[in-house]
Amino acid sequence: MKGAYFVENRVCKSHKVLVGMEVHVQLSTQSKMFTGAANGFGGEPNTQVDEQVLGLPGVLPVMNKRAVEYAIMVGLALDCKIARHTKWDRKSYYYPDLPKNYQISQYDLPLCYEGAFELVRKDGSTLKIRIRRAHLEEDAGKLMHEAPGGYAIDFSIVDLNRAGTPLLEIVTEPDLSSPQDVALFGQELQKIVQFLGVSHGLMQMGHMRFEPNINVHITDQNGQVHKTAITEIKNLNSFSVLERATAYEVQRQIRQWEETGSLGRKSTYGWDEAKGSTFLQREKEEANDYRYFPDPDLPPVEVDDAWIAELKGQIGELPAARRKRYVDALGLSATDAAILASDRETGDFYEAAIAAGGDARRVSNLILSHGRRIANEKSVTLKEIGIAPARFAEVAGLIDQNKISVSSAGTIFDKLREKDGAAEQLAAELGLTQVSDTSAIDAAIDAMIAANPKPLQDYRGGKQSAMGALVGMVMKNGKGLNPKMVQEALKRKLGGE
Amino acid sequence: MLAYDTLLAARDAVRSKKISSVELTRQALDRIDKIEPRILAFNSLFADRALEQAKDVDAGKRTGPLAGVPIALKDNLCTSHGTTTCSSRMLENFRAPYDATIVKKLEAAGAVIVGKTNLDEFAMGSSTENSAFKTTRNPWDTARVPGGSSGGSAAALAAGMCCASIGSDTGGSIRQPASLCGVVGLKPTYGRVSRYGLVAFASSLDQIGPFGWNVPDCALLMNVISGRDPKDATSVDQAVPDYLKQLDEPLKGLRIGIAREYQLAAGMDPQVKSAVDAATKKYQELGAQLVDVSLPHTEYGIAAYYVIAPCEASSNLARYDGVHFGHRTKDPVKDIIELFSKSRAEGFGEEVQRRIMIGTYALSSGYYDAYYLRALKIRALIKRDFDQAFEKCDVILCPTSPTPAFKAGEKTGDPLQMYLCDVFTVTCNIAGIAGISLPCGFTTGPKPLPIGLQLLGPTFGEEKLLRIARMYELTTDWHKRRPSLETN
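Residue numbers (my numbering), protein chains in the order written: chain A, 1 to 497; chain B, 1001 to 1488.
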């Protein structure tokens, strides 16, 4: 009955999730990784190809320097070390979507290595994700099991349009500790590659493909720790699936241990979206023998300081640094800073408005409310809304100088959408300018007091609520007065008497 | 017979209108008609197209340093016209949709391409006996092989079916057939000539080079085919000199290196040895100083070569899988793996399969360090040997092949015997340096066979190497001899 004893007592008291990620990012260079053929997406099958992509006899690869630069830029953004000397290796395996039956990749000298990325969760807590390596390789083509148009065929056909696309494979250490972190990391990585402009990063287009490697450290009721075998889920291409698949796999591993005592074997799983579950693809008894060796057709790559410095210049300030500066130096909230810094264009737009003299927080509020609203309504980017950053600065100035109320800013921007013009003049035309002249305000108050003794007595008699009515009466006779200033002046006057 | 059978003479004759290109091309085609059945040098002929090209030259529409001269190409150079077979069943019907860089350069220089020549399958061999189609015959004795792998190109020239030809040399595949066929063959420095469009055998060793009846013909071809190619990342951006310019000027203070390791090579034919010794004396008479040099890692050359070359070949030839192009099995298959393996088993000959298996094995995890990595270390040592030797001498002199042409079938049963044909030639490819073979004598007997002298020079030392070869050539008549095909 020993077995039964163990079954009864196999309880997962607590568990720790360890996830390392492999991410494939397609780089959006003009041409492919090792040839001048267009790095286009889509199109009729086998049209984005040349003899090199097809792997015909006699062809040779020539490195796309821009792809290497893009990869270095991502490496720098992930705080990686950049290899000063690296090379290309051939990874051999037979598959019909791989024209040469070897893939040009990087084996033992990845272009980028030993990086780190700070993941900022929604609650503001942070998690450091170590980057093991990021290397460049060429993508394979696609096997299709039905003819274009969805017709059934009893053989497979190959589309090599994707073959040869520059692919950056980023590998993290197993530092991600929850399905939410995994998805968040994917999203942050998407922001980075989009910010750098090195990939369109469109999930539905397969520009980014995720492969979480998952295992769980289970602590049982006796405080003993059981480590499950690592499983890899292949080819996930949405953040939602990434999170759900990881969560499912974590629970599956725990359940498997609880029910059978098995820690599983190193294996590869797929994701079945219809069933909402992972399924076993193959067990890795031992690593595949890819017979890596240095590609004799490609000279090694030497990266010098000047090149790295030039690329750093091209990158400029990274989103994380920008976000931090917006909070620390400009006093923005973490949320606002994150939105403004998330892409280069929004951040640049914001900074142009500050440069034009706008107050950092005021401009931030205006861009985040009105700028984004208009962009959404027009379905364009912020840069394309047709209102210059300087106008945001002008509107901010009008508010800060009490020339207009905060609530009338929207009306001005709506006008600016239609026709450009100096904000102050537009405010005047729209009758939104507030009188902030203290003598005019004082005169209006005196007139009101003279004409309305009753509410004044009420207020002095202790009815604080009468204040609103008093302000209203002043405003009624003095159109365009700044209500805030009226109230302050009234208080001063009444309190001081 | 060709009225002008050497490249420069033919080029000048066409240029000065002593003969039309069409007439010269017709002579070559007639000669092929007559002699080819006995030589079997060509895999395919471009007769009609060659005459069109010749017509264009005569009409002044095609000009250039090779205008109007019939040239043959080894059938592992991709041409958008015709097939590129590599003498393999695998590519028997393969039509490349593009031209190799060298083909573009030759055609831009006005050359008339008469056809594509036989080789050992995928350039793996030393006799053309590994061709899937036929064994080319040596024009000096048709019972014998022309050498290989560029045997077809060497034999086509030696038999007077073209004025020059192009080969590729991975371990001696230009120099050894040049030696066996009594012509001049140059293996340029690695990176001197673009490999784009040369069907790869061993990428780090392959290099395209010329065959000519004499040194100036090779120099002229080098003028045309050399230079950096943006499509070949291993081609080197180094200025191409005019190799003809100072060719006839003898070199003063010439130092000829004699490697003691080459003296010890086993299996050396005594007639080869005496011919090479005589050539050495000739250089001394011309004022050269002999210098003893040492290439201590020579003995590991063959071993390193037969690891590196098969490793690269196993990878380069992986693309021939029956899926995208080339031979596909007609047998029913149960899955894609069987399609791969059946197509490859049917499409590749024995020697190619042997080398793919050796290479696949040597690159396998657990064996990589013991074979490939160690071979690369030997490679570095062999390079260093040459670097040190070239500090003391301008060129190293040795035989090209330890024996003259051997009989067809003589070595086919023993691959190791065949591999030893490369003993003097492989280290040149391993080190990436330049080497030339030129005729230096003939064997005695009823069917005298040519003997080749090899000169090895440092990387990008072609200019000097050609001049030194020319010094010898100018004082001898070996290169003027022709096989008498009419009588044998």
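Think of the CB as a built atom: it goes at the ideal place given N, C-alpha and C, for glycine as much as any other residue.
I think residue i touches residue j, with their Cβ atoms under 8 Å apart; what is that distance to the nearest whole Å?
i: residue 20 of chain A; j: residue 173 of chain A; result: 6 Å
i: residue 366 of chain A; j: residue 392 of chain A; result: 5 Å
i: residue 1363 of chain B; j: residue 1398 of chain B; result: Contact flag wrong, Cβ pair sits at about 32 Å.
i: residue 1171 of chain B; j: residue 1422 of chain B; result: 5 Å
i: residue 254 of chain A; j: residue 15 of chain A; result: 6 Å
i: residue 1176 of chain B; j: residue 1193 of chain B; result: Incorrect: roughly 18 Å between the Cβ atoms, too far for contact.
i: residue 1103 of chain B; j: residue 1085 of chain B; result: In fact, because the Cβ distance is near 15 Å, the residues do not count as touching under 8 Å.
i: residue 1336 of chain B; j: residue 96 of chain A; result: 6 Å
i: residue 336 of chain A; j: residue 364 of chain A; result: 5 Å
i: residue 1313 of chain B; j: residue 1344 of chain B; result: With a Cβ gap of about 13 Å, residue 1313 of chain B and residue 1344 of chain B do not count as contacting.
i: residue 190 of chain A; j: residue 201 of chain A; result: 5 Å
i: residue 1402 of chain B; j: residue 1265 of chain B; result: 6 Å
i: residue 334 of chain A; j: residue 124 of chain A; result: 6 Å
On the DSSP bridge list, what partners appear for residue i?
i: residue 216 of chain A; result: A/17
i: residue 24 of chain A; result: A/169, A/209
i: residue 112 of chain A; result: A/82, A/134
i: residue 144 of chain A; result: A/157
i: residue 293 of chain A; result: A/90
i: residue 1397 of chain B; result: B/1455
i: residue 1011 of chain B; result: DSSP output for residue 1011 of chain B lists no bridge partner at all.
i: residue 127 of chain A; result: A/119
i: residue 271 of chain A; result: A/278
i: residue 1287 of chain B; result: None; residue 1287 of chain B has no bridge partner.
Use the C-beta contact count for residue i: other C-beta atoms within 10 angstroms, 16 or more gives buried, fewer gives exposed.
i: residue 2 of chain A; result: At residue 2 of chain A, the pLDDT of 43 sits below 50, so the modelled position is not reliable; the number obtained from the coordinates is stated separately. Exposed is the call here.
i: residue 420 of chain A; result: exposed
i: residue 1457 of chain B; result: buried
i: residue 1253 of chain B; result: exposed
i: residue 497 of chain A; result: Only weak support is given to the placement of residue 497 of chain A: the predicted model assigns it a pLDDT of 46, under 50, and the value that follows is read from those uncertain coordinates. Its Cβ having fewer than 16 others within 10 Å, residue 497 of chain A is exposed.
i: residue 1416 of chain B; result: exposed
i: residue 32 of chain A; result: buried
i: residue 1006 of chain B; result: buried
i: residue 389 of chain A; result: buried
i: residue 429 of chain A; result: exposed
i: residue 213 of chain A; result: buried
i: residue 1263 of chain B; result: exposed
i: residue 1327 of chain B; result: buried
i: residue 224 of chain A; result: exposed
i: residue 519 of chain A; result: This structure cannot settle anything about residue 519 of chain A, because the visible part of chain A is limited to 1 through 497.
i: residue 453 of chain A; result: exposed
i: residue 1439 of chain B; result: buried
i: residue 407 of chain A; result: exposed
i: residue 1035 of chain B; result: buried
i: residue 160 of chain A; result: buried
i: residue 412 of chain A; result: buried
Let me check understanding here. Comparing Cα to Cα, which of the options lies closest to residue i?
i: residue 1501 of chain B; options: B/1278, B/1417, B/1122; result: Coverage of chain B is limited to positions 1001 through 1488, which leaves residue 1501 of chain B absent and any answer about it impossible.
i: residue 139 of chain A; options: A/206, A/116, A/179; result: A/206
i: residue 1031 of chain B; options: B/1155, B/1471, B/1144; result: B/1155
i: residue 108 of chain A; options: A/97, A/101, A/91, A/102; result: A/91
i: residue 330 of chain A; options: A/362, A/342, A/112, A/345; result: A/362
i: residue 1169 of chain B; options: B/1260, B/1077, B/1446; result: B/1077
i: residue 1435 of chain B; options: B/1001, B/1235, B/1210, B/1308; result: B/1210
i: residue 482 of chain A; options: A/218, A/125, A/440; result: A/440
i: residue 354 of chain A; options: A/397, A/257, A/378, A/377; result: A/397
i: residue 1019 of chain B; options: B/1069, B/1034, B/1062; result: B/1069
i: residue 492 of chain A; options: A/480, A/471, A/476, A/477; result: A/471
i: residue 295 of chain A; options: A/87, A/26, A/116, A/52; result: A/87
i: residue 450 of chain A; options: A/158, A/477, A/62, A/267; result: A/477
Looking at chain C, is there any beta carbon in it that lies within less than 8 Å of the beta carbon of residue i?
i: residue 297 of chain A; result: Absence of chain C from the displayed structure is noted, the protein chains being A and B.
Start-end ranges of the beta strand (DSSP E) lying completely within the region 1407–1462 of chain B, minimum 3 residues:
1434–1442, 1450–1457
Going along the chain, which unbroken runs of the beta strand (DSSP E) with 3 or more residues stay wholly within the region 1025–1076 of chain B?
1042–1045, 1070–1074
My parser needs the alpha helix (DSSP H) runs of 4 or more residues fully inside the region 321–408 of chain A; what are they?
334–341, 344–355, 360–366, 372–378, 389–400
Inside the region 1294–1381 of chain B only - alpha helix (DSSP H) runs reaching at least 4 residues:
1301–1316, 1336–1347, 1350–1363
Continuous beta strand (DSSP E) assignments of at least 3 residues falling wholly in the region 1075–1147 of chain B:
1112–1117
With a floor of 4 residues, list each alpha helix (DSSP H) that falls wholly inside the region 1183–1257 of chain B, ordered by position along the chain.
1215–1225
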